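S.K.:
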Amino acid sequence: MLPSTPFYKLIPISRRLRLAGMLALLLTTLLTPTASAALVNQKISATMPALGDVVSALISPDGQYVVYSADQDLDEVFELYSAKLDGSAAPVKLNSPLAGGKDVVNFQISPDSSRVVYLADQDTNNKLELYSVPLGGGANVKLNGTLATGGDVEEFSWRISADSSRVVYLADQDTNDVIELYGVPLGGGSVVKLNISLVSGGNVTGFQISPNSSRVVYLADRLTDEVYELHSVPIGGGITNKLNATPVSGGDVLDFQISPDSSRVVILGDLLADEVFELESVLLQGGSPVKISGTLVTGGDVIQFQISPDSSRVVYQADQDTDGVNELYSVLLGGGSLVKLNSTLVSGGVVYYGAFLISPDSSRVVYNADQDTDNVSELYSVPLAGGSSVKLNGPFDNTRDVYSNFQISPDSSRVVYRADQDTDNLEEFYSVPLGGGSFVKLNGPLVSGGHVLSIFQISPDSGRMIYLADQETDEVFELYSVPLTGGNVDKLNPPLVEGGNVSTDIHISPDSSQVVYLADQETDEVFELFVTAGTTSAPSTEPIYLPLIVRQ
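Counting in my numbering, the sequence shown runs from 1450 upward without gaps.
#1: Applying the criterion that 16 or more other CB atoms from any shown protein chain within 10 Å of the CB defines a buried residue, is Asp1572 buried or exposed?
#2: In this structure, does DSSP put Phe1878 in helix, strand or coil?
#3: Considering just the uninterrupted stretch of the beta strand (DSSP E) at Ser1952, what are its terminal residues?
#4: Starting from the C-beta of Val1554, find all residues in its chain whose C-beta is less than 7 Å away, skip the five residues before and the five after it, and write them out in chain order.
#5: Using DSSP with H/G/I as helix, E/B as strand and the rest coil, what is Pro1560?
#6: With distances taken from CA atoms, which of Ser1760, Gly1773, Val1751, Leu1782 is nearest Ala1767?
#7: Tell me the DSSP bridge mates of Glu1971?
#8: I need the boundaries of the beta strand (DSSP E) containing Phe1605, first residue and last residue.
#9: Which residues bound the beta strand (DSSP E) around Asn1817?
#10: Which residue's Cα is closest to the Cα of Pro1583: Gln1557, Gly1599, Ala1597?
#11: By the 10 Å Cβ neighbour count, where 16 or more other Cβ atoms means buried, how is Asp1723 classified, buried or exposed?
#12: Of all the options Gly1586, Gly1632, Ala1982, Gly1600, which has the alpha carbon lying nearest to the alpha carbon of Trp1607?
#13: For Leu1895, which residues of its own chain have a beta-carbon under 6 Å away from its beta-carbon, when the five flanking residues on both sides are left out?
#14: If distances are taken between C-alpha atoms only, which option among Glu1727, Thr1981, Gly1685, Val1714 comes closest to Gly1700?
#15: Under 8 Å between the Cβ atoms of Ser1730 and Leu1782?
#16: Going by the CB atoms, is the gap between Gly1718 and Val1739 shorter than 8 Å?
#17: Would DSSP call Leu1529 helix, strand or coil?
#18: Indicate whether Pro1832 and Arg1863 have their beta-carbon atoms separated by less than 8 Å.
#19: Using a Cβ-Cβ cutoff of less than 8 Å, which residues in the same chain neighbour Pro1882 once the five nearest sequence positions on both sides are dropped?
#20: Name the one or two DSSP bridge partners that Asn1690 has.
#21: Hey, how far is the Cα of Asn1817 from the Cα of His1900?
#22: Pull up the DSSP beta-bridge partners for Glu1629, would you.
#23: Mind checking which residues open and close the beta strand (DSSP E) that includes Leu1500?
#24: Whose C-alpha, out of Val1665, Val1504, Glu1629, Ser1779, is nearest the C-alpha of Val1648?
#25: Need the endpoints of the beta strand (DSSP E) that Asp1869 sits in, please.
#26: What separation, rounded to the nearest whole angstrom, lies between the Cα atoms of Asp1821 and Gln1755?
#27: Under the rule that 16 or more other beta-carbon atoms within 10 Å means buried, what is Asn1942, buried or exposed?
#28: Grab me the residues of Gly1549's own chain with a C-beta within less than 7 Å of its C-beta, minus the 5 sequence neighbours each way, in chain order.
#29: Are the CB atoms of Asp1923 and Gly1898 nearer to each other than 8 Å?
#30: Can you tell me whether Val1489 is buried or exposed? The criterion is at least 16 other CB atoms within 10 Å of its CB, across all chains shown.
#31: Which same chain residues, not among the five before or five after His1956, have their C-beta less than 6 Å away from its C-beta?
#32: How far does the beta strand (DSSP E) with Ala1918 in it extend, from its first residue to its last?
#33: Tell me the DSSP bridge mates of Gln1963?
#34: Keeping to the same chain, check which residues put their C-beta closer than 8 Å to that of Ala1506; ignore five residues upstream and five downstream.
#35: Hey, Ile1684 and Val1665: beta-carbon distance below 8 Å or not?
#36: Can you list, in chain order, the residues of its chain whose CB lies under 8 Å from that of Asn1690, leaving out five sequence neighbours each side?
Here is the structure:
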């Protein structure tokens, strides 16, 4: 039976006061953002020989490993190594032994973190081929077929499918100097040529794998030499469909993108009128293309475009209304409703070339333009489907500018931009809500002569930003972390050796808890791989639920 008197009144008043004080302290502790965890910094590459360096690194998508390229065993022989991100095991060499003059040229980690694919002249000097190896080390296997005499896999023209099942690459595999398209299982196996026969002089010049890993879209002068058209083929091989209609004389496909939902392909080309570049949209597997860009003024062209992450709309840049005045437009992916995004431009104003981003949640577009004052670059945000634009940067005079390397946070909450907003010719970092509002400076005070570099990254959890600056000592570039909403700045590297700097090769782990970077931290001019943990996660705020129950 419950007592008739409220239970808390059965507790002596002195004890109730003590409990209230303890509760207040607990609430203060739990509702106050925690201070950054203590820095933990360690080297995860092996000891470098004299003149040896780590030159590049990638964190695996699962956050367990770092793969890096270095001349770790022999100077100027660049090989591939895998190291545990937590430093719990010695690095493992991934490639087979390389003799002098051979190198690993580049590499990628599969999205499922199972394997590493790399390009190297591993078997024959100066003959670039593709290899696949387990992420943690093991036997590697050659992926490409036997190459024609003089043939190579193209250096930057290979990709792993999003489902980690296959590798697609360009090579002059069958005939020297005839570049064709091939696919192979990620772990090795039968190679399939994906393109159909090419006209004499023809080549495949580029490709994309659809996000759902079902098809490959490729650009080739397949039917007529030097007339580039677009084709779609199943990723495992099969019937090829041409995506564009027959171009006018002199016309070509210039560029293309596959929508994130893998439904359609957007094509940029002068297919309807020579030297008049417009946008068309077509189904991924083929069909009738639909023109989606608006009517162009004489001399006008579409010059850039992006598809929204939700695949609803295409944002493009064109001098559509006035020749030589680039503006920003938004249209449905399949064609239809078309709106201009930027506000009326001042005389002489333009939206700067390629300087626009669609937010990850597809709600807004951020763009860089001298919209209000000629030759004064500022930052604006506008709804994706059109509406009123808002200026994001703070007020400044006509000697200041916002630079074009701005970023939107992964959660679409904020925009980070670089500008000489407070001091002319002194570039600093600022953060502002995506839809506009109060901005905050992110970097710490800069020493005389100091400045921030253009390289920065926002953490995957949108909690913090890392950046490089000679913030404390002029010409000594170090790595810093700061909350995206502003606050205390943490230096991520320990004191550097005399002459040391942190390289621009910086990476945040997928869980936002660690930062990997290259630096000549311990020995001048010897770049090694380091990881710092403890300052990249967003401050945590844990709720406490009332009432507090006191039991006897």
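Here a beta-carbon is modelled for each residue, glycine too, at the ideal position from N, C-alpha and C. It should be emphasised that the depicted structure is a prediction, and the values quoted were computed from it without experimental measurement.
M.R.: If we stick to the structure as given:
#1: exposed
#2: strand
#3: 1951-1957
#4: Leu1568, Ala1569, Leu1577, Glu1604
#5: coil
#6: Val1751
#7: In DSSP, Glu1971 forms no bridge with anything.
#8: 1602-1609
#9: 1813-1818
#10: It is Gln1557 whose Cα lies nearest to the Cα of Pro1583.
#11: exposed
#12: Gly1632
#13: The answer, listed in chain order, is Gln1920.
#14: If we check each option's Cα against that of Gly1700, Glu1727 comes out closest.
#15: yes
#16: no
#17: strand
#18: no
#19: Close CB contacts of Pro1882 within its chain, under the 8 Å cut and outside five residues either way in sequence, are with Ser1862, Arg1863, Val1864 (chain order).
#20: Paired residues: Ser1681.
#21: 22 Å
#22: Ala1620, per the DSSP bridge assignment.
#23: In this chain, Leu1500 is not harboured by any beta strand (DSSP E), its DSSP state being neither H nor E.
#24: Glu1629
#25: 1863-1872
#26: 24 Å
#27: Flag for Asn1942 reads buried.
#28: Val1526
#29: Yes, the pair counts as a contact, with Cβ atoms nearer than the cut-off.
#30: exposed
#31: Ile1508, Val1965
#32: 1913-1918
#33: Ala1982
#34: Val1515, Val1516, Tyr1517, Ser1518, Asp1954, His1956, Val1965, Leu1967, Leu1978
#35: Between Ile1684 and Val1665, the gap from beta carbon to beta carbon is short of 8 Å.
#36: His1680, Ser1681, Val1682, Gln1734, Gly1735
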